[in-house]
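Chemist: The structure's right below; bear with me while I get my questions together.
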Amino acid sequence: GFSKAETAKIIETVLAEEGRPPVSVFDFVQGIAAVARAKPHQDARLDLEGRARKLLDRAA
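For the sequence shown, the numbering used here assigns the number 22 to the initial residue and increments by one for each residue that follows.
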């Protein structure tokens, strides 16, 4: 799962990039990917992207 801080950052990122709150699993996955891109360390990026993939897999 995601911490409260991570979730807040994901929602904030979607609001900034899309101009609206996330309303679907896909919106959250897009937000997670955007947050991951901002991470300076590859391990942190891969961790977030992996969790986004799991979320998308569960929704499919």
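Beta carbons: idealized from backbone N, C-alpha and C, even for Gly.
Predicted model, so just to flag it, every value in this text is computed and none were measured.
(1) Exposed or buried, which one is residue 69 when buried takes at least 16 other CB atoms within 10 Å?
(2) In three-state DSSP terms, what is residue 71?
(3) Nearest by alpha-carbon distance to residue 22: which of 50, 41 and 36 is it?
(4) Exposed or buried, what is residue 52 when buried is set at 16 or more other beta-carbons lying within 10 Å of its beta-carbon?
(5) Please specify which runs of the beta strand (DSSP E), each continuous and at least 3 residues long, are wholly inside the segment 24-74, giving them in chain order.
Modeler: This is what the structure holds:
(1) buried
(2) helix
(3) 50
(4) buried
(5) none
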